[in-house]
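Numbering (this note's numbering), first residue to last: 2 to 559. Idealized CB from N, CA, C, for every residue including glycine.
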Ligand code: GLC
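What follows is the structure, encoded as structure tokens:
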């Protein structure tokens with residue numbers, strides 16, 4: 002059994018995702034800056050945060066808000082300069098908030114000089130750096146794969162008279178990892194950033210880097226006649242060889258951690274991906290976010306599900322990292338809707354829901370990842386028309402829903418429910434205009450509830466979601482069993498309560514969260530000999546939970 006003293010720094014901290022375009026604007030331009038992040042390090046420390054994953058802030062045409070990188074060695078002007086970034090990394094290291102950079106290594110922007118060169122001819126030095134294929138004899142695309150953002154995954158290039166593959170938007174051509182020079186170029190990028198003293202890397206869309214040996218059509222699953230590129234290419238055998246090479250070239254011998262984004266890897270495969278023999282320290286797999294969204298990730302065809310489905314997914318991930326590797330716990334990120342909407346039936350009161358789910362998150366075994374704004378406890382924004390969305394995927398999902406025969410109202414409802422823009426609205430600092438995020442009109446509308454749900458107001462309110470997060474963060478970081486102890490699910494059959502026990506070497510805690518909007522009961526023997534360490538509703542009656550109440554009990558010594 003592990004003890005807190007056995008853990009590495011990134012295992013005994015809380016990680017926080019910063020979406021830089023929406024965090025804090027110090028330039029009065031309506032989009033966030035690196036200097037804005039640096040000015041909030043003390044705020045992050047107050048939440049127990051020791052690592053911030055910053056989504057891409059490199060030079061980019063911003064078709065996918067930075068996930069289309071033009072220059073891996075430059076900061077996009079809108080965010081500031083390389084000096085600003087160096088200052089953030091250094092100041093963060095001094096204050097104990099280490100910067101985690103996002104490495105987008107499955108694709109670049111179509112404006113990246115590598116691609117500009119590659120597309121120019123079939124025999125230039127970078128001709129093989131991307132995935133080029135001839136047309137079918139009738140001139141159509143090489144396969145019927147649908148890109149993740151909708152439409153064909155192939156785009157025609159006049160100069161080469163060939164198609165290139167794009168798993169995501171057509172402005173995001175996939176690079177060719179089979180080409181050793183390309184791999185070397187990517188590893189150089191990672192080493193450049195590691196040498197600056199970052200605390201780690203989040204590695205984007207990593208399951209797509211290995212393509213199958215043979216490219217062939219798949220059975221259409223929509224009216225558009227296309228087959229999901231995900232089904233054709235995700236997690237292709239041989240992928241781990243590339244990643245072992247990455248690990249040896251970049252990570253070994255450094256005090257950093259890596260977290261791969263691995264849609265398509267299931268919990269039972271984790272042992273070859275993380276830990277002793279793995280390639281990363283942590284892996285974001287999506288078995289639990291797929292519970293409401295469905296594996297196909299078609300927003301107009303969501304899954305029907307119950308709480309036990311969600312709990313089973315989370316416990317399976319826990320089981321797969323119980324003795325090997327480490328789990329990155331999360332409910333939100335910049336690709337997900339707000340969790341208070343995603344994991345609860347419509348009409349559930351948002352504030353208590355956010356505290357109950359936040360309890361589940363912050364008490365899990367692993368390193369919790371909090372998405373900016375999640376700690377303030379609000380729901381999705383109120384989008385009234387499809388034109389209000391900025392996100393490239395939302396536009397694709399809207400079009401897809403229409404092509405499947407949905408009405409415009411139904412298509413909009415699906416986007417309101419699942420749009421990635423829900424997590425990307427500006428951070429809410431105070432009740433002033435634009436929530437204190439900027440003095441100029443922000444690039445996305447500020448969430449309607451910002452006058453109450455903001456950092457300033459919630460700091461002053463002991464019953465707020467933010468105060469609850471701070472309390473639980475401090476609790477987590479002070480108790481051995483919450484940091485390092487084992488995880489065992491309790492009441493697995495309950496459709497109301499998510500409960501688990503954290504067992505440490507000398508201490509234990511029991512977490513009970515009523516995720517339903519009705520009163521629930523539990524067997525008081527589960528917490529016998531323990532005291533209440535934290536209660537979302539204040540004092541609590543043993544054996545009973547009010548709607549959406551969450552409690553943490555623990556042994557006296559920790
Ligand atoms: C990842 C990112 C997402 C992005 C996509 C393409 O899934 O998290 O935001 O759109 O990769 O880079």
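Residue i beta carbon near the ligand GLC (any heavy atom closer than 6 Å)
i           : result
residue 44  : no
residue 332 : no
residue 263 : no
residue 68  : yes
residue 401 : no
residue 554 : no
residue 169 : yes
residue 206 : yes
residue 336 : yes
residue 65  : yes
Residues that DSSP places opposite residue i in a beta bridge
i           : result
residue 259 : 202
residue 581 : A query on residue 581 cannot be resolved here, the shown segment of the chain reaching from 2 to 559 and no further.
residue 515 : 498
residue 153 : 147
residue 522 : 545
residue 13  : In the DSSP output, where bridge partners are listed per residue, residue 13 has none listed.
residue 301 : According to DSSP, residue 301 bridges with nothing at all.
residue 115 : Per DSSP, none; premise fails for residue 115.
residue 133 : 165
residue 504 : 487, 509
residue 76  : 59
residue 53  : 17, 100
residue 535 : 553
residue 158 : 163
Which listed residue (the options) has its alpha carbon closest to that of residue i
i           : options            : result
residue 311 : 495, 194, 337      : 495
residue 319 : 118, 503, 257      : 503
residue 10  : 188, 255, 176, 20  : 255
residue 246 : 179, 4, 139, 516   : 179
residue 410 : 427, 424, 558, 384 : 384
residue 499 : 551, 529, 535      : 551
residue 346 : 293, 286, 490, 364 : 293
residue 136 : 96, 218, 536       : 218
residue 554 : 537, 531, 538      : 531
residue 71  : 83, 105, 39, 51    : 105
residue 116 : 158, 303, 314, 291 : 158
residue 449 : 440, 240, 463, 429 : 429
residue 24  : 525, 7, 58, 13     : 58
residue 391 : 22, 7, 18          : 22
residue 216 : 543, 237, 477, 362 : 237
residue 382 : 96, 306, 242, 418  : 418
residue 194 : 131, 242, 87, 132  : 87
Same chain, Cβ closer than 7 Å to residue i, five either side skipped, listed in chain order
i           : result
residue 394 : 150, 421
residue 124 : none
residue 295 : 302, 303, 304
Contacts around residue i, its chain only, beta-carbon distance under 6 Å, and the 5 residues preceding and following it disregarded
i           : result
residue 431 : 437, 455, 457
residue 401 : 151
residue 111 : 172, 174
residue 378 : 352, 355, 466
residue 261 : 204, 207, 281, 284
residue 244 : 280
residue 225 : 404
residue 521 : 497, 498, 515, 546
residue 412 : 399, 402, 403
residue 118 : 125, 127
residue 387 : 399, 413
residue 490 : 316, 501
residue 528 : 511, 554
Beta-carbon spacing of residue i, residue j below 7 Å
i           : j           : result
residue 398 : residue 300 : yes
residue 36  : residue 85  : yes
residue 228 : residue 235 : no
residue 101 : residue 93  : no
residue 474 : residue 48  : yes
residue 148 : residue 230 : yes
residue 275 : residue 326 : yes
residue 462 : residue 559 : no
residue 5   : residue 485 : yes
residue 439 : residue 31  : yes
residue 366 : residue 488 : yes
residue 188 : residue 251 : yes
Cβ neighbours of residue i in the same chain (closer than 8 Å, five flanking residues each side left out)
i           : result
residue 44  : 456
residue 167 : 108, 148, 154, 155, 156, 173, 174, 175
residue 540 : 533
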